[in-house]
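For reference, the structure is listed below as structure tokens.
2 protein chains.
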Amino acid sequence: MLDDRKLEVLRAIVEDYVSTQEPVGSKALVERHNLGVSPATIRNDMAALEEEGYIAQPHTSAGRVPTDKGYRLFVDRLSSVKPLSSPERRAIQTFLEGAADLDDVVLRTVKLLAQLTRQVAVVQYPSLSRSSVRHVEVVKLAHTRLLLVLITDTGRVEQRVVELPGPVSDAAVADLRATLNAHMTGRPLTDAGALILALPQQADSAEDRSVMTAVVASMLETLVERFEDRIVLAGTANLTRSAYDFPFTLRPVLEALEEQVTLLKLFGEAVDPSRVSVRIGEENPEGLTTTAVVSTAYGAQSRPLAGLAVLGPTRMDYPGAIGAVGAVARYVGQILVEG
Amino acid sequence: MLDDRKLEVLRAIVEDYVSTQEPVGSKALVERHNLGVSPATIRNDMAALEEEGYIAQPHTSAGRVPTDKGYRLFVDRLSSVKPLSSPERRAIQTFLEGAADLDDVVLRTVKLLAQLTRQVAVVQYPSLSRSSVRHVEVVKLAHTRLLLVLITDTGRVEQRVVELPGPVSDAAVADLRATLNAHMTGRPLTDAGALILALPQQADSAEDRSVMTAVVASMLETLVERFEDRIVLAGTANLTRSAYDFPFTLRPVLEALEEQVTLLKLFGEAVDPSRVSVRIGEENPEGLTTTAVVSTAYGAQSRPLAGLAVLGPTRMDYPGAIGAVGAVARYVGQILVEG
DNA sequence: CATTGGCACTCGGCGAACAGGAGTGCCAAG
DNA sequence: CTTGGCACTCCTGTTCGCCGAGTGCCAATG
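In structure tokens, the structure reads:
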């Protein structure tokens, strides 16, 4: 059905439309790309492509525009990743290496991505669920109040205040710290919860037991609730560039970007740092159905830490975005895994 | 120059324009407000108001629109704060009281404000500079690596990893913890830095001294660098509602909202929880000159914690926004100061 | 049978012309 | 000072007609 030239035509249409933002006609196509055939031939091919649903015309007498299905085919079979230039690579590396701490790494990453792609960038903090416990600290703030601090091997720190049913001694706190560390240190967070579940029953005294119960409950909440929370955005202003057809399409996107739940869905599939996933139009969660999302995971191959993505209109420079997302993910992964 | 009726006319113009978003003419004015005079009279008043620069007409034959100066007069002399309804108050209180921790309080606050005003809401975390030290914790992560945790009385927790020049013993760490707490606990963060500056010189051994130097340097950085950082936004999608005149005006606003530095300026003057400040148009920092910002501080009267604001088009419901900002600030202040 | 040039057709975009109407400014009278 | 009347401005929406881009179809060609 679709011979090589038709595919070539589709690629040309996508490329032209992405760069000009205007429907592309048969004549313009043969001029800009040397296809070696006449406009009439292209018209036949275009008719076939439209028949198959890869392109569409906004108005009867306008040029053609790729459909979501067309972009999909383009991404899957017609495009190759556009590698970054080596100055770009160097810039990325030095920029990211200058980061002071985890917050700074994530912040720089998201800004970098937004700037490179001129789209909206979304970066997820290294997920707790994929980290291990480096250390647990227990601090007595008052007679009946403790602070639990959980430090992960990715440098993330979660803390939580626990109200106790009764007062505790300093010695008991020291005990608690030792016990928790003995059970949790070095374990992945996904397992850590189960490992401390039985602790209250093993406590020596009734007091210890009630304290332990409160602490364990709180720790479990931390492990469960905060699993994947923090997400950082940058470049939302870029949304205004790509939208002539305004409030209608922009509104739901801005709303979706404020909804953590929606954003988390973007990373649902991206668990393999070596592959970049592209979701186009209707393939996205509600509110983002007019956009395209290019995402991947970062971290070591064997241990992905979290997701990172670029979001823009479906008319997006896919090869460029895929290249940028992949490269940035690699560098961030390196820094976080080594550092 | 401006008698009572002219002021009344200005108020009517502002109110009508805010609610209809359309230039308001003399006839409509006398119909919607019972001013007791004829349109012709109003026309004379309007001419005077225009002469003085309080209103302007977009086109020769259109109605009048308030200028920034007009809004300013309206806010300063013509409007009274619109108190929230008592169901609203109750809703706010219960909603905020349901918050689990500081993050949650701030998050709920910002969402609440955005929803109440249907504008963009901006909330600053309780500023470190206006908090006191509740506790300092020192945790040994590895032989040459310590974690410093600083907990403030507003529930904020800042942590930082310090690389040491050489290994430390557990006893030294315990010492360090005790010393730091002795000097810092209960002190405002603004003073805490000065109080630990001299510590390295008092150390017993050369090893202790080098460790202390590293720790103090890191602590000072935390105190200085992180003074005012985190800011949370909500309701950016509301920007699309109030803008027919799009990309041109929206773009710089979105950019400004991503710029922490700009946002911080919004709170520059707001240090008194009992007063709500309004900045209109050109009174705002670059990028926000087409918007109005209603801001205040929250916290105890004697000890403001941070700022909180609402941002929207200059055509904004000022009485409503001022009421909402004031009320929310009061409730958040209560919760954070008591809790 | 794919390719091509020719050609009629469609339809959106754009500017001109036009009518309607809202709103104004001015003026003279109360 | 207020008011009704009135001419004027100019924005808004509509219609009309034209232009041109782009298409689909067809017959001719290699």
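Protein sequences, first through last, are from chains A and B. Residue 339 is where the first sequence ends in my numbering, and the numbering goes up by one at each step. Residue 678 is where the second sequence ends in my numbering, and the numbering goes up by one at each step. No residue lacks a Cβ here, since even glycine has one placed at the ideal position from N, Cα and C.
Under the rule that a run must span 3 or more residues, the beta strand (DSSP E) segments found entirely inside the segment 579 to 633 of chain B read 616 to 619. In this structure, DSSP gives residue 187(A) a state outside helix and strand, which the three-state scheme calls coil.
For residue 507(B), the closest C-alpha among the options 623(B), 485(B), 398(B) and 647(B) is that of 485(B). For residue 147(A), the chain B residues whose Cβ falls inside 7 Å of its Cβ are 490, in order along the chain.
Not one beta carbon of chain A lies nearer than 9 Å to the beta carbon of residue 633(B). In this structure, the straight-line span from the alpha carbon of residue 595(B) to that of residue 646(B) is close to 17 Å. The C-beta of residue 160(A) comes closer than 9 Å to at least one C-beta of chain B. Residue environment analysis places residue 3(A) among the exposed positions, since fewer than 16 neighbouring C-beta atoms fall within 10 angstroms of its C-beta. For residue 476(B), the enclosing beta strand (DSSP E) covers residues 472 to 481.
Taking 7 Å as the cut-off between beta carbons, none of the residues of the segment 651 to 663 of chain B comes near chain A. Partner residues in the beta bridge of residue 300(A), as assigned by DSSP, are 303(A). Residues of chain A with a Cβ closer than 8 Å to the Cβ of residue 473(B) are, in chain order, 141.
Separation of residue 322(A) and residue 230(A) (C-alpha to C-alpha, rounded to the nearest whole angstrom) is 23 Å. Around residue 557(B), the same chain offers 487, 499 and 501 as residues with beta carbons nearer than 8 Å, after the five sequence neighbours per side are excluded. DSSP places residue 395(B) in the strand class (E or B) of the three-state scheme. One Cα belongs to residue 97(A), the other to residue 296(A), and the distance between them is close to 21 Å.
The beta-bridge partner set that DSSP reports for residue 570(B) consists of 463(B).
In this model, residue 5(A) and residue 326(A) are separated by some 30 Å (Cα to Cα). Contact with chain B is found for residue 252(A), since one of that chain's Cβ atoms lies less than 9 Å from the residue's Cβ. Excluding the 5 residues flanking it on each side, residue 9(A) has same chain C-beta neighbours closer than 8 Å at 29, 35, 42, 45, 46 and 49, in chain order.
With contacts defined as CB atoms closer than 9 Å, residue 271(A) and residue 329(A) fail to qualify as a contacting pair.
With a threshold of 16 other beta carbon atoms within 10 Å, residue 474(B) meets it and is buried. Annotation: the continuous beta strand (DSSP E) that includes residue 159(A) extends over 157 to 163. Taking the Cα positions, residue 258(A) is about 8 Å away from residue 574(B). For residue 152(A), there is no enclosing alpha helix (DSSP H); the residue is found in the beta strand (DSSP E) stretching over 145 to 152. Excluding its 5 nearest sequence neighbours in each direction, residue 23(A) has C-beta neighbours in its own chain below 8 Å: 17, 57, 58, 62, 63, 64 and 65, listed in chain order. With 16 or more neighbouring CB atoms inside 10 Å of its own CB, residue 333(A) falls in the buried class.
In this structure, the alpha-carbon of residue 365(B) lies about 9 Å from that of residue 352(B). Against chain A, a Cβ distance below 7 Å from residue 496(B) picks out 159. Note on residue 602(B): 16 or more other CB atoms within 10 angstroms of its CB, so buried under the neighbour-count rule. The Cβ atoms of residue 605(B) and residue 494(B) do not sit closer than 9 Å to each other.
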